Amino acid sequence: MINSCDLIEKFCNERNGCSFRADYSGRFMYGRTCVGIVTDDRVYETIVSLSDFMHESGIECVSDILGTIHSDSMRLSQIIYFPDLNGKLGDK
């Protein structure tokens, strides 16, 4: 069974304009790291595409897996990050 971090990485590998980050530290995370997706697309479009991808991969309740979702601007790109998913540990 694939874990959610691996599934997000697979999504990024299969989608143009997305790259996977296993070690993003967002605002107010105080050094903690989590999984993130760097994208050139709109945040909402990427989240919807990720949700569809995860659902098609057999995940029934995507929101329970992803937990809280945040985003930050990275100049020309955006990062969508998931503070509840630690990329170094694999999953929640």
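Residue numbers for the sequence shown follow this note's numbering, beginning at 1 and rising by one. We treat Cβ as the ideally placed atom computed from N, Cα and C, and that holds for glycine. It should be emphasised that the depicted structure is a prediction, and the values quoted were computed from it without experimental measurement.
What does a CB cutoff of less than 7 Å around residue 70 pick up in its chain, not counting 5 residues either side in sequence? Position 70 of the sequence shown holds residue 70. Sequence-distant partners of residue 70 (beyond 5 residues in either direction) whose C-beta falls short of 7 Å from its own C-beta, in its chain, are 26, 81, 83.
If you reduce the DSSP assignment to three classes, tell me which class residue 33 lands in. Taking the sequence shown and counting its residues from 1, the one referred to as residue 33 is at position 33. Of the three classes helix, strand and coil, the one that applies to residue 33 here is coil, per DSSP.
Distance, residue 30 Cα to residue 9 Cα: Translated into the one-based positions of the sequence shown, residue 9 becomes position 9. Translated into the one-based positions of the sequence shown, residue 30 becomes position 30. The straight-line gap from Cα to Cα measures roughly 24 Å.
Apply the 10 Å Cβ neighbour rule to residue 36 and answer buried if 16 or more other Cβ atoms are within range, or exposed otherwise. Here residue 36 is taken as the residue at index 36 of the sequence shown, counted from 1. With 16 or more Cβ atoms within 10 Å of its Cβ, residue 36 is classed as buried.
Could you tell me the alpha carbon to alpha carbon distance between residue 5 and residue 77, rounded to whole angstroms? Within the sequence shown, the letter at position 5 stands for residue 5. Within the sequence shown, the letter at position 77 stands for residue 77. Approximately 21 Å, taken between the alpha carbons.
What's the C-alpha gap between residue 28 and residue 73? On the sequence shown, position 28 is the one that residue 28 refers to. On the sequence shown, position 73 is the one that residue 73 refers to. Their backbone Cα atoms lie some 15 Å apart in a straight line.
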